[in-house]
Structure formats: C-alpha cells, structure tokens
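Since the structure comes first, as structure tokens, the remarks are kept for the end.
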Amino acid sequence: MKEMKGKLLRPNFHVHAEEGWINDPNGLVYFNGRYHAFYQHYPNDVHWGPMHWGHVVSDDLVHWERLPIALYPGDEGDKNGCFSGSAIVWQDKLWVLYTGFTENEGGETIRQIQCLASSQDGVHFEKHGIVIGEDNLPEAYCPWDFRDPKVWRKDGYFWCVVAVRAKGGRGRILLYRSEDLFSWTFINDVFGEDCPGMMIECPDYLDEKGLLLFGEQFSPQEGKTHLNVHTTRWCVGALNYQTGRFEEKNRGIVDYGFDFYAPQTFAGSDVMMGWLQMWDRNIPSEKYGFAGMLTLARKLEVVREELHQTPVIQGETVKEAVDVKSIVDDAKIGVLRIQAKNLRSLRLALRKKGESQAELALKDGEFIFDRSKVGEEITGVEKDEDSLNGIRRMPFSGRENVELTVVMDEFSVEIFENGKVLSSTIYPDQDATEICLTVDAQECVYRRESLK
Ligand code: FRU
143 MKEMKGKLLR PNFHVHAEEG WINDPNGLVY FNGRYHAFYQ HYPNDVHWGP
193 MHWGHVVSDD LVHWERLPIA LYPGDEGDKN GCFSGSAIVW QDKLWVLYTG
243 FTENEGGETI RQIQCLASSQ DGVHFEKHGI VIGEDNLPEA YCPWDFRDPK
293 VWRKDGYFWC VVAVRAKGGR GRILLYRSED LFSWTFINDV FGEDCPGMMI
343 ECPDYLDEKG LLLFGEQFSP QEGKTHLNVH TTRWCVGALN YQTGRFEEKN
393 RGIVDYGFDF YAPQTFAGSD VMMGWLQMWD RNIPSEKYGF AGMLTLARKL
443 EVVREELHQT PVIQGETVKE AVDVKSIVDD AKIGVLRIQA KNLRSLRLAL
493 RKKGESQAEL ALKDGEFIFD RSKVGEEITG VEKDEDSLNG IRRMPFSGRE
543 NVELTVVMDE FSVEIFENGK VLSSTIYPDQ DATEICLTVD AQECVYRRES
593 LK
C-alpha cells in the first residue's frame, strides 16, 4: 500500500484497510487488465461491524492501490451487511454474487441470502437484489446460516457453492446452477453429511484441479498441527456435476499458522488469497487504526493428491551468502530464501532485538514457529499448551534439497516449504530488525530479496 507509507504504521505489501476493520477477501478477479481484490470491511471501527466491500487493484498482485468502497449495505436483502461472495466476468461486465445479511434490532440474525450486483467499469456497482432466496433453499437447511457463494463457469452454465448449516446439524456445502446468474437451481448437498465443525464458511471449488476449499468454524482440534478453533481445509477429488456430489480422495489443512482463514481463488484461476488473521483473537494493530489484512497471493497446485502452495512474489536480491552455517542480517521487510542440501536442523530468528524475537526452528522433522517472545502479546480462545506458548507446527518435507521461503512484512511472516505454509501475524517493536540464521546442513545458501 504505497500511499500509506510514512503516515501510520501499516503493512507494506499486504492488503489492509486505510482505517477500520477487514476480514475475508471477496470477489477476487482479473478484469479490464488489472487484478481486483474486494474484502469484508467496516470503515468506521477497528472491530467487525455492518459489512461493506472494500476494494483494491493491482498489476502484479504485490502492490495494491486503493479504490472507493464498492458495496455498501442497506438495500433489499443486504440491510445489515454485504457478506462474503465472489466475482465472475461475463459479457464484458463484472458480476458479484454475495451474501445479503439482515438482522433484527436486537442483533439476532434473521436471514442470509444470496444477492447479485454488476459493474461496467469494475468500480461502480449496480445491485440487482436477491437471486438465491429462502424459497430456493431446501427445508432441511437454515436460511439464517446460508452464505459465501463462490461462482464459476463450466459447460455453458454458471455454478456456485454456498455454505449452509443443516437444521439441527452442522456445516454443509450446497451446489447451485444457473444459465444467467439471476435464476438459480439447487443441485445437491456436495458431501451430504455434517462437517466436524459447527459451520462451514467460504467454500471454493477449482474445477480443473478437483480442489475444494472451505473454512470450518469451531472445529475440534486434531493433533498438534490443527489447533486453531477455526480452520481451513482442502479436499482433493472431483465434483460430479450430474449428481452434485464431491467424490473425495484426500484432505488436509491449508495453513499451519495462527492466522489464516476464509481464502478465495481469483475467478477462473489457481491463485488464492486468504485473511491473514483469525476470529476470536486480540489484534494489537488496532491502536494504529486498522485491524486485519490479506495474505500474499499464492499459486495452488495439486501434487500427488495434496495441496501445494507457492507465494506469488519475486523481489530483487540484495544479499546472498553461500556455505552458510550461521549468518546475521538486518531487515524487517522482504523475502528470505534458504536453500539447503540435507538439512538436519535450523534456527531462524526474525525481528530480533535483544531477547525479543520471532523464531522458526526445524527439529525432529517438524518446523516449530514461536511468536511468544516477539512484541505484543496475542491471545486467543485456544487453551492447549502450544497455543498458550505461542507455538504452531508445520511438517517438514525431509527432501534432500530444501527451499524455505520466508516472507516478512511489518506485522506478518509467511513461511513456505515444499508447498506447505505457516502464516502468522506478529507485532514487534519497529526497530527490531535483526535476522539470525543457524543451520546444520551439507550446503546452505541464504538469499534476501527486497520488494520495491
Ligand atoms: C468468514 C465470515 C463469512 C461471512 C463473513 C462476514 O470469516 O464469517 O462466513 O460472510 O465472514 O464478515
């Protein structure tokens, strides 16, 4: 966010609000020669409130320029909020399908239904009202928990998946089909059974890869690598368009860090962004007037039935060292690339100043990230030992040749190895800038890239 530099402390290349709150990325799309990212936004406070769609555009998915708010709540169907949704380009126009939210005066949710809006220039939107209403939701599901449509086109139809809760049950994903974006037909419940969590949010489907993504609210913790109370899963398989069922082959967790939720892919593409934050946590940047940001864009692949993610970011090399056993560097923003042969162990301290540091260690076949000793304390609702100690873990590939990529911004680190990712916010002192790396490997090259 170039225009924000120097004004207040802000992320450099992560989408965030100039003022106020943001959550999920919405309507990610390439339209009229630029990438557009919309996001859940409340401009009047650093806490969640009546949802608007904020809007930024980019040429390279790294540097973003702010545009005016695209959708305001207050119309038919979206009286109290324009919730998450997605975009598609059709007949030279940009169309967005999103959830309209209505509540009563006491703040109790009354309805969540799906609305349509369109834009000729990608900036100003005309609302077309409700297109998937309560009358188009089978009796077995709750119209007060029915949200986040993701639309795509295949075989001459529009399709969309929408998250819902079964009456007396938990989260489900429903498939709909349309010929014109206005009139939709219910096809099926893609799994036909409850998810482990309380509710599903933000489903997404990449047809060419057979990849289904979705958020799970309040899902039970599993082992040491799924500790977040809200998590995001991937499933590899195939959506059968005749039956409307997803035939699953494998599933896993999208991100191993503290702060990742509600991702979405760009329309018709395999590039994804998520919310680099988590519900039910304190957000120390509130004092600078903003809360929440989006992750880097990541390219998705399916490799041997597993999700594989790589960051869409390329800086300019500003420091390089070969035969590294240990190295000290100085930077708080940029990309670190550590290439190692037969890597046995590693310790990387970031944003270090005295005893204060964020730390990544490779030990006993896993990466352990520790943010307990860096800057301001972040607490959540998770009460397990790792969460209370500021720890998150990610499996190590154990490959002979390893490339570890660490992307650092003012308030975040995103760590990639062999397609797996661990993303977390951190709130260090502004002058904590030291980097210390120690490795035990046959060979190791350290490279730091800066981003202009
Ligand atoms: C996910 C979510 C969505 C909803 C939006 C509201 O983070 O809860 O399900 O549309 O946020 O802001």
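One gets my numbering by counting positions in the sequence shown from 1 and adding 142 to each.
Yeah, the Cβ is synthetic: ideal placement off N, Cα and C, and Gly gets one too.
Quick caveat: nothing in here was measured; it's all calculated off a predicted structure.
Mind checking who residue i pairs with in its DSSP beta bridge?
i: Glu542; result: In the DSSP output, where bridge partners are listed per residue, Glu542 has none listed.
i: Pro537; result: Glu508
i: Cys337; result: Looking at the DSSP assignment, Cys337 forms no beta bridge with any residue, so it has no partner.
i: Phe356; result: Arg375
i: Asp346; result: Leu355
i: Gln89; result: Lying outside 143 to 594, the shown extent of the chain, residue 89 is not represented and no answer is given.
i: Tyr398; result: None; Tyr398 has no bridge partner.
i: Glu389; result: Ala380
i: Ser592; result: Glu458
i: Val171; result: His178
i: Gly242; result: Cys224, Ile255
i: Phe300; result: Arg295, Ser320
i: Glu497; result: Answer by DSSP bridge pairing: none, since Glu497 is not bridged.
i: Gln451; result: Leu442
i: Lys562; result: Glu559
Using DSSP with H/G/I as helix, E/B as strand and the rest coil, what is residue i?
i: Asn222; result: coil
i: Asn531; result: coil
i: Ser427; result: helix
i: Asn165; result: strand
i: Glu519; result: coil
i: Asp331; result: strand
i: Asn382; result: strand
i: Asn278; result: helix
i: Ser261; result: strand
i: Val198; result: strand
i: Trp190; result: coil
i: Ile272; result: strand
i: Trp421; result: coil
i: Glu247; result: coil
i: Tyr318; result: strand
i: Ala433; result: strand
i: Val157; result: coil
i: Met550; result: strand
i: Asp287; result: strand
i: Pro210; result: strand
i: Thr567; result: strand
i: Pro405; result: strand
i: Lys483; result: strand
i: Glu576; result: strand
i: Glu364; result: strand
i: Ser468; result: strand
i: Asp582; result: strand
i: Ile557; result: strand
i: Lys525; result: coil
i: Arg152; result: coil
i: Ile475; result: coil
i: Lys144; result: Summary for Lys144: the model assigns pLDDT 44, below 50, so the residue's position carries little reliability; its value from the coordinates is reported in the next sentence. Looking at Lys144 - three-state DSSP - the assignment turns out to be helix.
What residues in its chain sit with their C-beta under 8 Å from that of residue i, if we drop five residues either side in the sequence?
i: Glu596; result: With the chain represented from 143 up to 594, any question about residue 596 goes unanswered, as that position is not in the structure.
i: Lys505; result: Ser487
i: Arg541; result: Asn560
i: Val445; result: Gly561
My guess is that residue i and residue j are in contact by the Cβ rule of under 8 Å, so how many angstroms apart are they, rounded?
i: Val171; j: Phe408; result: 6 Å
i: Phe300; j: Leu323; result: 6 Å
i: Ser228; j: Gln406; result: 6 Å
i: Gly434; j: Asn165; result: 6 Å
i: Leu579; j: Ser468; result: 6 Å
i: Asp551; j: Ile475; result: 6 Å
i: Thr567; j: Phe553; result: 5 Å
i: Leu348; j: Leu442; result: 7 Å
i: Asp472; j: Ile329; result: The pair is not a contact, with the Cβ atoms about 56 Å apart (cut-off 8 Å).
i: Val549; j: Val477; result: 5 Å
i: Ile395; j: Arg375; result: 6 Å
Which residues in the same chain as residue i place their Cβ atom closer than 6 Å to its Cβ, once the five residues preceding and following it in sequence are excluded?
i: Gly191; result: Tyr184
i: Val306; result: Tyr283, Phe288, Arg314, Leu316
i: Val231; result: Phe173
i: Pro570; result: Arg493, Val516, Gly517
i: Gly242; result: Gly219, Asp220, Ile255, Cys257
i: Ser200; result: Tyr177, Trp206
i: Asp346; result: Lys292, Leu355, Gln406, Thr407
For residue i, which residues from the same chain have a beta carbon less than 7 Å from its beta carbon, with the 5 sequence-adjacent residues on both sides left out?
i: Lys309; result: Ala282, Tyr283, Cys284
i: Asp187; result: Gly162, Trp163
i: Glu276; result: Arg253, Ile255, Pro285
i: Glu245; result: Asn222, Thr251, Ile252
i: Ser529; result: Leu369, Gly522
i: Lys483; result: Glu542, Asn543, Ala583, Gln584, Glu585
Answer yes or no: the CB of residue i versus the heavy atoms of ligand 3, is any distance below 8 Å?
i: Gly507; result: Although ligand 3 was asked about, the structure shown includes only ligand 1 as ligands.
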